[in-house]
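Reviewing the structure listed below.
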Amino acid sequence: MTNTTNTFEQKRIDNLNWSSGSKLPKSIQDKVQTKPKIPLFYLHNESIDNYEDDIYFVNNSDETLSFVAPYELMKRDPDCSEVVIAAEPSERDISLTYTDVLPKQGVRIDRQHIIYDSDYLNQIIVYIMSRASKEMWGIWRLNVCEKGMFSSCPLLWEGGAKPLSVVSADKRNDPKDRPILPCVLPIRQQLYQQWAEHYDHASASLMRSITDIIYRYDFGIVGCYYNDTWDEYSSEAEQIANMLIKEGADSADEVLAMMTRVYDVSFGAGYTRIPMDVAERIYGLWLNYKSNANK
12 MTNTTNTFEQ KRIDNLNWSS GSKLPKSIQD KVQTKPKIPL FYLHNESIDN
62 YEDDIYFVNN SDETLSFVAP YELMKRDPDC SEVVIAAEPS ERDISLTYTD
112 VLPKQGVRID RQHIIYDSDY LNQIIVYIMS RASKEMWGIW RLNVCEKGMF
162 SSCPLLWEGG AKPLSVVSAD KRNDPKDRPI LPCVLPIRQQ LYQQWAEHYD
212 HASASLMRSI TDIIYRYDFG IVGCYYNDTW DEYSSEAEQI ANMLIKEGAD
262 SADEVLAMMT RVYDVSFGAG YTRIPMDVAE RIYGLWLNYK SNANK
């Protein structure tokens with residue numbers, strides 16, 4: 012949107028209430044005995060002046076959201092479009108990560124300008140985590156596009172139904188689609204820097220990518236994904252990467268055997284069941300590392 016600086020500060024508004032803005036006369040509304048839809052989350056505009064509006068994401072649910080991230084957390088791997096990998100958020104993106112968003116609270120996520128944004132196709136993407144119920148549990152990616160200016164609009168109805176105006180509202184609970192959560196980005200960057208200084212950037216990238224997969228698939232005896240501990244198995248990922256670099260591997264089966272040896276030493280033989288899908292993904296990372304090393 013129009014705000015591209017790194018100084019767009021966080022702002023919250025409390026006690027916001029949803030209004031459907033129905034244009035039907037009250038006499039007709041009384042006859043139509045359908046319960047009005049209530050959004051769990053919606054966009055709300057606050058006018059700054061005659062030209063600009065601030066756009067707020069509003070938590071209209073009864074739960075406190077652990078985070079609201081109004082930017083993309085995942086992307087397609089350029090080397091394999093079927094694979095989803097972590098996006099690398101900008102400093103501005105990270106500065107707009109909100110934590111502990113209260114019920115009926117709005118958080119400022121963007122700004123729009125009546126002149127500069129009216130003629131373009133604009134997009135807003137928001138990630139949130141819900142723990143409200145079995146049906147809602149998980150990471151949600153909400154995606155809305157608008158030709159021109161955004162108006163106040165629902166993002167997700169009660170019960171998890173997608174409003175017609177929303178492009179997509181998806182739960183990302185499948186390990187292969189799970190994003191790296193905003194709260195673990197600092198330790199992820201910190202460990203990458205440590206690995207890069209100790210080894211090199213290529214090795215550090217491999218170690219970080221292996222840790223990403225272990226974190227997202229969360230198959231260890233100690234849960235890490237919903238406990239916000241990206242680095243729970245980072246030492247195992249480092250060992251696996253070093254073994255691949257030194258010994259190599261010719262198949263996912265060899266990677267699986269290698270990983271099993273590492274986990275058996277760390278946690279005891281037979282205590283960790285490593286999914287074959289994880290071994291295949293890490294084998295793909297190894298092939299990509301080897302290909303780039305030979306260039």
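Numbering-wise (the numbering used here), the sequence shown opens with residue 12 and increments by one. The beta-carbon is built from N, C-alpha and C at its ideal position, and this holds for glycine as well.
| Item | Value |
| --- | --- |
| Cβ separation of residue 227 and residue 186, assumed to be a contact under 8 Å, to the nearest whole Å | 5 Å |
| Endpoints, the alpha helix (DSSP H) within which residue 264 is located | 263-278 |
| Residue 117 beta carbon less than 8 Å from that of residue 27 | yes |
| Per-residue DSSP class, three states only, for residue 39 | In this prediction, residue 39 scores a pLDDT of 45, lower than 50, which makes its location untrustworthy; the coordinate-derived value is nonetheless stated afterwards. Note: residue 39 maps to helix in three-state DSSP. |
| Distance between residue 236 and residue 229 (C-alpha atoms, nearest Å) | 6 Å |
| Beta-carbon spacing of residue 81, residue 68 below 8 Å | yes |
| Own chain partners of residue 274 with C-beta closer than 6 Å, once the 5 adjacent residues on each side are dropped | 283 |
| Three-state secondary structure (DSSP) of residue 196 | helix |
| Residue 242, DSSP secondary structure in three states | helix |
| Pick from 75, 113 and 253 that is closest to residue 24, judged by C-alpha positions | 113 |
| Limits of the alpha helix (DSSP H) - the one that residue 295 falls within | 287-304 |
| Other residues of its chain near residue 266: CB distance less than 6 Å, five sequence neighbours each side excluded | 260, 290, 293 and 294 |
| Buried/exposed call for residue 238, threshold 16 Cβ in 10 Å | exposed |
| Length of the line joining the Cα atoms of residue 219 and residue 53 | 35 Å |
| Span separating the alpha-carbon of residue 300 from that of residue 98 | 18 Å |
| Cβ shell of residue 198 (< 7 Å), same chain only, five flanking positions each side left out | 241 and 242 |
| Nearest neighbour of residue 149, chosen from 305, 128 and 191 [CA to CA] | 191 |
| Whole-Å CB distance - residue 225 paired with residue 244, under 8 Å assumed | 5 Å |
| Residue 196 versus 55, 159, 156 and 102, residue with shortest Cα-Cα distance | 102 |
| Length at least 3, wholly inside the stretch 97-173: the beta strand (DSSP E) runs in chain order | 109-112, 116-124, 132-141, 149-158 and 164-168 |
| Residues that DSSP places opposite residue 85 in a beta bridge | 97 |
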